[in-house]
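Asker: First to last, the protein sequences are chains A and B.
Just so we're aligned, residue 1 is where the first sequence starts under our numbering, counting upward by one.
Just so we're aligned, residue 1001 is where the second sequence starts under our numbering, counting upward by one.
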Amino acid sequence: MRRPNLIRISRPVLFAAATLTVLLSCDENLPSGPDAFAVRLEIGVTSDTIIAGDSSKAQARAIGPNGGLISDLTFNWTTSSPATLALASSDQAAGRTRTLIAVKPGQSVVTLALPDERFTTTNATRNATVVVAGVKVLSSHDSTLTAVNDTGFAIATSLVKNNGALVNRASQGIRWIHQGTRTTVVGTGDTIRYIARGNGADTLIATHDFCLKSAKCADTVIARVAQVLTMSLSAHAFQAWSFSDSLGPTVTLADRRGNGLAGTTIRLIPVTAADSEIVAVTPPIGTSNPATGFVASPRLVSIGNGSARVAVRAIAPDGSTIIATDTVTETVRQVARRILVEPQRAALSDLESIPYQPIARDARGAVIADATVSASALGTVLSSANIGPNPATTPTSVATITPTLTGIALPENNPEAPQVGVTVLQSSINLIAPDTVKVGATSRQVSTTLLDSTGAPAVGVAVRFSTTGGIIPAPVISDGSGNVVVTWVPPDVSGTYTLTGVRDVTGTSPLDLIGVVVIKRRVVVIPDPVNTTASAAASIPVTTQTNITVVVRDVLGNTVTSAVPSDITVVPSAGTVNAGSCTNGVCTFVYTAPAATGGVTVTVKVGGATGPDVTGSPIAINITP
Amino acid sequence: MIIRIGSSTRRCCGLALASAIVGLCLPASRLQAQRTYLFERGVVASGDWLQANALPLDRDALQSASAGISLRGRGWAVDGGWLRVARSLSTLQGGSLSFGRLLPWKRLLFIPAIGGFVGEGQRSVDSTGFDFVDPATGAIGHTPRYSHSSGTSVGGGVGLTLEIPLYRFVAARGVAWQWWFSGSPLEGDRARTVLGAGLSVRLRGGR
Chain A
1 MRRPNLIRIS RPVLFAAATL TVLLSCDENL PSGPDAFAVR LEIGVTSDTI
51 IAGDSSKAQA RAIGPNGGLI SDLTFNWTTS SPATLALASS DQAAGRTRTL
101 IAVKPGQSVV TLALPDERFT TTNATRNATV VVAGVKVLSS HDSTLTAVND
151 TGFAIATSLV KNNGALVNRA SQGIRWIHQG TRTTVVGTGD TIRYIARGNG
201 ADTLIATHDF CLKSAKCADT VIARVAQVLT MSLSAHAFQA WSFSDSLGPT
251 VTLADRRGNG LAGTTIRLIP VTAADSEIVA VTPPIGTSNP ATGFVASPRL
301 VSIGNGSARV AVRAIAPDGS TIIATDTVTE TVRQVARRIL VEPQRAALSD
351 LESIPYQPIA RDARGAVIAD ATVSASALGT VLSSANIGPN PATTPTSVAT
401 ITPTLTGIAL PENNPEAPQV GVTVLQSSIN LIAPDTVKVG ATSRQVSTTL
451 LDSTGAPAVG VAVRFSTTGG IIPAPVISDG SGNVVVTWVP PDVSGTYTLT
501 GVRDVTGTSP LDLIGVVVIK RRVVVIPDPV NTTASAAASI PVTTQTNITV
551 VVRDVLGNTV TSAVPSDITV VPSAGTVNAG SCTNGVCTFV YTAPAATGGV
601 TVTVKVGGAT GPDVTGSPIA INITP
Chain B
1001 MIIRIGSSTR RCCGLALASA IVGLCLPASR LQAQRTYLFE RGVVASGDWL
1051 QANALPLDRD ALQSASAGIS LRGRGWAVDG GWLRVARSLS TLQGGSLSFG
1101 RLLPWKRLLF IPAIGGFVGE GQRSVDSTGF DFVDPATGAI GHTPRYSHSS
1151 GTSVGGGVGL TLEIPLYRFV AARGVAWQWW FSGSPLEGDR ARTVLGAGLS
1201 VRLRGGR
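1) Which residues, in order along the region 1180 to 1198 of chain B, keep a beta-carbon less than 8 Å from a beta-carbon of chain A?
2) Would DSSP call S1184/B helix, strand or coil?
3) Would the beta-carbon of S453/A fall within 9 Å of that of Y356/A?
4) Counting only beta-carbon atoms, is L1055/B nearer than 9 Å to chain A?
5) Verify the CB distance criterion: does T76/A have a CB-CB separation below 9 Å to chain B?
6) Can you pull the chain A neighbours of G1061/B, defined as C-beta to C-beta under 9 Å?
7) Exposed or buried, A237/A, counting other C-beta atoms within 10 Å across all chains shown (16 or more means buried)?
8) Over what stretch of residues does the alpha helix (DSSP H) that includes S276/A continue unbroken?
9) Judging by CA-CA distance, which residue of I205/A, V524/A, T380/A and P298/A is the nearest neighbour of I285/A?
10) At 8 Å on the CB atoms, spell out the chain B contacts of G64/A, in chain order.
11) Looking at C-alpha atoms only, which residue of V225/A, V476/A, F294/A and L69/A is the closest neighbour of D142/A?
12) Inspect the CB distances between the region 512 to 524 of chain A and the region 586 to 600 of chain A and report whether three or more fall short of 8 Å.
13) With DSSP collapsed to three states, give me the class of L229/A.
14) Looking at the secondary structure, which residues open and close the beta strand (DSSP E) in which S1064/B lies?
15) L1092/B versus chain A: which residues are under 9 Å apart at the beta carbon?
16) Check the Cβ of L1089/B against every Cβ in chain A and list those closer than 8 Å, keeping chain order.
17) From P389/A to G306/A, what distance separates their C-alpha atoms?
18) Report yes if the C-beta distance between L268/A and L229/A is below 9 Å; otherwise report no.
19) Taking C-beta to C-beta, are T1161/B and G1100/B nearer than 9 Å?
20) Evaluate H208/A with the Cβ neighbour count: other Cβ atoms within 10 Å of its Cβ, from every protein chain shown; 16 or more gives buried, anything less gives exposed.
21) Could you please tell me which residues of the region 1102 to 1125 of chain B, in chain order, have their CB closer than 8 Å to any CB of chain A?
22) Rounded to the nearest angstrom, what separates A218/A and N168/A at their Cα positions?
23) Alpha carbon to alpha carbon, what distance is there between Q239/A and L300/A?
24) For the region 1073 to 1124 of chain B, list the beta strand (DSSP E) runs that are entirely contained and at least 3 residues long, ordered along the chain.
25) Alpha carbons only, please: which of G293/A, N584/A and V335/A is nearest the one belonging to S302/A?
26) Which residues bound the beta strand (DSSP E) around L1057/B?
27) Closer than 8 Å, Cβ to any Cβ of chain A: which residues of the region 1143 to 1177 of chain B, in chain order?
28) Report the CB separation of V570/A from V564/A in whole angstroms; it is logged as a contact under 8 Å.
29) From the DSSP output, in three-state form, read off L1015/B for me.
30) Determine the contact status of G501/A and I526/A, defining contact as a CB-CB distance below 9 Å.
31) Can you find the residues in the same chain that come closer than 8 Å, C-beta to C-beta, to I1005/B, ignoring five residues on each side of it along the sequence?
32) Taking L1229/B as the reference, give the member of G1196/B, G1042/B, L1186/B and L1166/B with the closest Cα.
33) For a minimum of 3 consecutive residues, which ranges assigned as the beta strand (DSSP E) are wholly contained in the region 129 to 217 of chain A?
34) A1086/B CB to nearest chain A CB: under 9 Å?
35) For T181/A versus D202/A, is the C-beta distance shorter than 9 Å?
36) If we cut at 9 Å on Cβ distances, does P34/A have a partner in chain B?
This is how it looks when you write it as structure tokens:
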């Protein structure tokens, strides 16, 4: 009995214990978490742009999952560039709002962080830009530099906020834009230097990379460069002692700093027409150097004696604007360096004459027209302006002519001129006695020597010929010694012929054209007296007539068909002879016997009364009753 | 935070509570058929629902309850059993032992008692939630964030039980206890007042 009761009691207890065990194992479902909330951070500002010196409130907002603004959070604020945008230290510790202080123009990223483990979020960022409220040029807006390398300053400032008012503040990052090439700009920041490089105008624009949109964000400076050039001459008076002297001032056209201007030119202009007779003007000589202001200038070339005033004008690069004007004076006075008689060398037959000219030349060989030069001859006749003619009896010889200088061209009469002794060049003339050639053998070699104005052999100078008969020789060029040799062949016709040789000249003075005849050679062509025969009757009565026959022949025995009665000179010792006539080289003269009887001789000559007798001469004629 | 209570959890807890009460009562009804005297001696089993002063329980869990065996005689009662005190954000459950004086008055039996408790305490605290403002309405709201902790808890309390015999070996009970619990999870929230009602079943002994 007892055992069933125990079973009956313990069964519900066990059942209850089992039930409690089940109860204890039930899930309590007590809430836990969540671990974190996803929130979104926002930065609220009135504007992302803040004027430097100003401040702005920024508000932190954390948006919860349900869109509500989460309260009582502590935020962290940072800026990427505290030097540009700083955070005020006086804001509340929780950082719900922070004051952004615009320190300096630029950009900075404001970052808002929520350092709270309850929340998962991404930092909020906002790009804040600190700007200036305008740019202003403090220096002159338009300035002019008057010399290259002159320096000017341009000063600009930025407008920023200070206690609510706009004020100037330096070093806020002014940026300059340089337009143009007339200046170079040195430096950066508020103040820059611009250095003049060339004439013209440049524009300098002060601006700022961070400037309030509606503000005046640029200001302009016009930097002009206008060189003030001053012309200076190395000398204002010049003295030339020779023609062709090139003189002129060294001209500097430069600004205050000694810099020239490329493209400027100098012109020399004789003031009057008379001045132009004294000096000529060359093209510019040399190369201009703008770096030093030196300007290639023309030169004055002396071309006449006297004093000339010449205007010096500096011309701008445009070719017409006159920058500066001055005058110079040049006095030209030729002083003799040599005196001579032209021609200095000549071949002259006795009976001929050639012009001569005593000449004084200056240091450059120019003829001094107003020089007083006289000439004295030895061994020749000077007649008027000619050498010769000399008597036919003058033997072949060398005559000399010596010049003498007096007057204004003497160096001693010009004390300021170089006192160089005057060189005297004598003229030597080869005098040639009368020359007779026979028909058939008329060729002659004629020579002379050419000298230049200094007395040195003139090499390569042509002598051109003319003749009174026969073939004109071709021009001959002087050799290395100045010698000229020409072969002249007069015609095979009895007569007198002259060969004239004239040298080329290079001088421009009229006097240069005098004294250029260097050869004047004369020959007389006669039949050959040996081969020419004369014959007549041996006896004729008084007062009757007979023919004297002359057969004119050359040196080869050929009949000279061109013979004329004048080629033959017939002279009787008594009686008369007519003028004669010639036919095909046979000349016939009619002789009339005198009234008296007796022996008569008739002389027959060629080459004139002094020529040789022909064969058969004298002819003996017996005059009979 | 929204506490999600699953249907399986709800079924589990309900079934367990019902089974405990039925399990304690049904065998006794078959064993004894006695008159309705006060349960002043013998062994009495009891079960109480203790959630009356903490409704609703805002989570899917077994509500506060207790079950125990009481040995009564000579004017004294010694109870031992299981106690569960459930609140929306905390739970205490474990074994309890109490000593009470049986004070009959007419057909009522008053049992003032003191008791002790050893068990486990669990608590969730909204310590890291946050407040928010609705930008549209300006209304202030709060979003909780709970931290859960658990640990051993020892407690003590005083209480008063009133029993009214209903039928032979069954009596109705009214229970009021004030408990204090130790343990770090209950820091700052150690007192629990429980009110409830239940049934007592005399298992053996008595008239």
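In this text, a Cβ means the ideal position worked out from N, Cα and C, and glycines have one as well.
Here the structure is a predicted model, which means the values were calculated and not measured.
Answerer: Straight from the coordinates:
1) none
2) The sequence position of residue 1184/B within the second sequence is 184, counting from 1. It is helical.
3) As a working note, residue 453/A is residue 453 in the first sequence. As a working note, residue 356/A is residue 356 in the first sequence. Cβ atoms of S453/A and Y356/A: not closer than 9 Å.
4) Residue numbering aside, residue 1055/B sits at position 55 when the second sequence is read from its first letter. With 9 Å as the cut-off, L1055/B does not count as an interface residue toward chain A.
5) The residue given as residue 76/A occupies position 76 in the first sequence. A quick correction: the sequence has Asn, not Thr, at residue 76/A. No, its Cβ sits nowhere closer than 9 Å to a Cβ of chain B.
6) Walking along the second sequence from the start, residue 1061/B turns up at place 61. Checking the displayed sequence, the identity of residue 1061/B turns out to be Ala instead of Gly. The contacting residues are C26, D27, E28, N29 and L30.
7) If you number the first sequence from 1, residue 237/A lands on position 237. The residue in question, A237/A, is exposed, as its Cβ has fewer than 16 Cβ neighbours within 10 Å.
8) Working through the first sequence from its first residue, we reach residue 276/A at position 276. From DSSP, the alpha helix (DSSP H) with S276/A extends over A273 to S276.
9) Locating residue 285/A in the first sequence gives position 285, where the first residue counts as 1. The shortest C-alpha separation from I285/A is found at P298/A.
10) The sequence position of residue 64/A within the first sequence is 64, counting from 1. What G64/A touches in chain B: F1130, F1132 and T1143.
11) In the first sequence, residue 142/A corresponds to position 142, counting from 1. Comparing Cα-Cα distances from D142/A to each of V225/A, V476/A, F294/A and L69/A, the minimum goes to V225/A.
12) At 8 Å Cβ cutoff, the stretches do not touch.
13) In the first sequence, residue 229/A corresponds to position 229, counting from 1. DSSP places L229/A in coil when its eight states are reduced to three.
14) In the second sequence, residue 1064/B corresponds to position 64, counting from 1. Per DSSP, S1064/B belongs to no beta strand (DSSP E) and is neither H nor E.
15) Looking up residue 1092/B in the second sequence gives position 92. Under the 9 Å cutoff, chain A gives no residues; its nearest Cβ is about 11 Å from L1092/B.
16) Here residue 1089/B refers to the residue found at position 89 of the second sequence. Identification of chain A residues near L1089/B by a Cβ-Cβ cut-off of 8 Å yields L30 and P31, ordered along the chain.
17) By 1-based counting over the first sequence, the position of residue 389/A is 389. By 1-based counting over the first sequence, the position of residue 306/A is 306. Their backbone Cα atoms lie some 39 Å apart in a straight line.
18) For the purposes of this step, residue 268/A is identified with residue 268 of the first sequence, where counting begins at 1. For the purposes of this step, residue 229/A is identified with residue 229 of the first sequence, where counting begins at 1. Going by C-beta atoms, L268/A is not nearer than 9 Å to L229/A.
19) As a working mapping, residue 1161/B is identified with position 161 in the second sequence. As a working mapping, residue 1100/B is identified with position 100 in the second sequence. For T1161/B and G1100/B, yes; Cβs fall inside 9 Å.
20) Here residue 208/A corresponds to residue number 208 of the first sequence, with the count starting at 1. Under this definition H208/A is a buried residue.
21) Q1122, R1123 and S1124
22) Locating residue 218/A in the first sequence gives position 218, where the first residue counts as 1. Locating residue 168/A in the first sequence gives position 168, where the first residue counts as 1. In a straight line, the C-alpha of A218/A is about 14 Å away from that of N168/A.
23) Taking the first sequence and counting its residues from 1, one reaches residue 300/A at position 300. Taking the first sequence and counting its residues from 1, one reaches residue 239/A at position 239. Using only the alpha carbons, I get a separation of about 11 Å.
24) 1076 to 1087, 1090 to 1101 and 1103 to 1105
25) Numbered from 1 along the first sequence, position 302 holds the residue referred to as residue 302/A. If we check each option's Cα against that of S302/A, V335/A comes out closest.
26) Numbered from its first residue, the second sequence carries residue 1057/B at position 57. First-last for L1057/B: undefined, no H or E at that position.
27) T1143, P1144, R1145, Y1146, S1147 and H1148
28) Numbered from 1 along the first sequence, position 570 holds the residue referred to as residue 570/A. Numbered from 1 along the first sequence, position 564 holds the residue referred to as residue 564/A. About 13 Å separates the two Cβ atoms, so there is no contact after all.
29) To locate residue 1015/B, count along the second sequence from 1; it is residue 15. Confidence at L1015/B is low in this model, with a pLDDT of 49, below 50, so its placement is unreliable and the value that follows should be read with caution. When DSSP states are grouped into helix, strand and coil, L1015/B belongs to the helix group.
30) If you number the first sequence from 1, residue 501/A lands on position 501. If you number the first sequence from 1, residue 526/A lands on position 526. No. Outside cutoff.
31) Walking along the second sequence from the start, residue 1005/B turns up at place 5. With a pLDDT of 41 at I1005/B, under the threshold of 50, the modelled position of this residue cannot be trusted; read the value that follows with caution. Correct list, in chain order: R1059, D1060 and A1061.
32) Nothing can be reported for residue 1229/B, as the shown portion of chain B is limited to 1001 through 1207.
33) 135 to 137, 142 to 145, 151 to 162, 165 to 169, 174 to 179, 183 to 186, 191 to 196 and 200 to 208
34) To locate residue 1086/B, count along the second sequence from 1; it is residue 86. It does; some Cβ of chain A falls within 9 Å.
35) If you number the first sequence from 1, residue 181/A lands on position 181. If you number the first sequence from 1, residue 202/A lands on position 202. A contact, by the Cβ cut-off of 9 Å.
36) Within the first sequence, residue 34/A is the residue found at index 34, counting from 1. Chain B contact via Cβ: present.
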